[in-house]
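Below is one structure, written out as structure tokens, with a few remarks after it.
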Amino acid sequence: MWSPRNYIEASVKTSNQFVISKSDATDVIMSSLSSDICSAKVIALVNQPEIHSNDFSRSGFEEAFSQLKEQNNNAYSRSQIEYVSNGVDVEQIAQQIARQCDSSIAILDASTITSEDLAEQESPIVAIVSLPAGNDDVNILKQNDDLLGDLIHAVETKVEDNYVVIYTSSDAKPVSAQKLHRRAPAPVKNLPIFAKYQLFTPGVFMVIGVVFLLLFIAGTGITWLAGIQTPVRFEAKQKKN
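Using my numbering, you'd call the opening residue of the sequence shown number 113 and step up by one each time.
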């Protein structure tokens, strides 16, 4: 989520938690909005199903989120949640914002939206804009990114920089059975311990060599000390006449 104004605050939960459950996501997002969020003219909830934060840095997807990255980097305030299990309840968030700001919810078509669709009113416009599912297709994601750019252009034409965008996903990205198979640990074979584990490594041999060297030096020193003997008798001093 981001805004050209100071409408976003970094939540403590978003900085301390990597994964947030769907039940907690609404509270976390709401806590990231500043106390004067209702001063914004437009609060747009952009729903991009089946998206993950890792998709933004994937090889080959660099141009699929150019508008999103530009808007987020140029924003005055921003906050990010790494991963929400099972997606976010977009309608619940919109209802809470609308209830807090005494506003209504507008469902807008991302493919046909213009500034005329944003009616002027005293309370902020809480808009839900749904994008087609990406399906891991870079071309679809690029088209959706262009639709996001059109949305931002329409909003800025109407209200300039007095808006907030909450970019999220209502559906978690599915995990294929092939990926799960790759992540599964290899079966443990019933082998003898010397065949299963490597007990002697170069580091172990180095330590053993150093220990033997120190023992040799210490033994030699102790042998030399034990061989030192004091004289049994002493010659008497000669008397002067």
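Ideal Cβ positions, reconstructed from N, Cα and C, are used throughout, including at glycine.
Between residue i and the rest of its own chain, which residues show a CB-CB distance below 8 angstroms, the 5 nearest in sequence each way excluded?
| i | result |
| --- | --- |
| Ala210 | Ser216, Ile217, Val238 |
| Asn198 | Ser133, Lys134, Ala284 |
| Phe168 | Phe177, Leu180, Lys181 |
| Gly172 | Val250 |
| Val319 | none |
Which residues in the same chain as residue i place their Cβ atom closer than 6 angstroms to its Cβ, once the five residues preceding and following it in sequence are excluded?
| i | result |
| --- | --- |
| Val267 | Val154, Tyr275 |
| Ile149 | Tyr119 |
| Ala245 | Pro161, Glu162 |
| Ile278 | Met113, Leu157 |
Ignore the nearest five residues each way along the sequence and tell me which others in residue i's own chain have a CB closer than 7 angstroms to its CB.
| i | result |
| --- | --- |
| Lys254 | Glu175, Ala176 |
| Asp214 | Ser235 |
| Asp257 | Ala176, Phe177, Ser178, Gln179, Leu180 |
| Ala187 | Trp114, Ser115, Pro116 |
| Asn184 | Trp114, Arg190 |
Looking at the strands, I want to know which residues DSSP matches up with residue i.
| i | result |
| --- | --- |
| Leu337 | For Leu337, which the question treats as bridged, DSSP gives no partner whatsoever. |
| Arg190 | Trp114 |
| Asn159 | Ser242, Thr280 |
| Ile120 | Leu145 |
| Leu220 | Val241 |
| Val131 | Tyr195 |
I need the DSSP call for residue i, collapsed to helix, strand or coil.
| i | result |
| --- | --- |
| Ser354 | Look at the range of the chain in this structure, 113 to 353, and you will see that residue 354 is not part of it. |
| Asp266 | Note on identity: in this sequence residue 266 is Ala, with Asp being the wrong assignment. Looking at Ala266 - three-state DSSP - the assignment turns out to be helix. |
| Ile225 | coil |
| Ala206 | helix |
| Val323 | helix |
| Ala152 | coil |
| Leu260 | helix |
| Leu180 | helix |
| Ala330 | helix |
At which residues does the alpha helix (DSSP H) containing residue i begin and terminate?
| i | result |
| --- | --- |
| Thr138 | 134 to 143 |
Does residue i come within less than 8 angstroms of chain B when only Cβ atoms are used?
| i | result |
| --- | --- |
| Asn118 | No chain B appears in the structure shown, which is made up of a single protein chain. |
Validate contact between the segment 245 to 252 and the segment 132 to 140 using beta carbons, cut 8 angstroms, 3 pairs: no
State whether the segment 152 to 166 contacts the segment 194 to 214, with contact taken as three or more CB pairs (one from each stretch) at a distance under 8 angstroms. yes
How about the segment 257 to 273 and the segment 225 to 232: do they share at least three Cβ pairs that are nearer than 8 angstroms? yes
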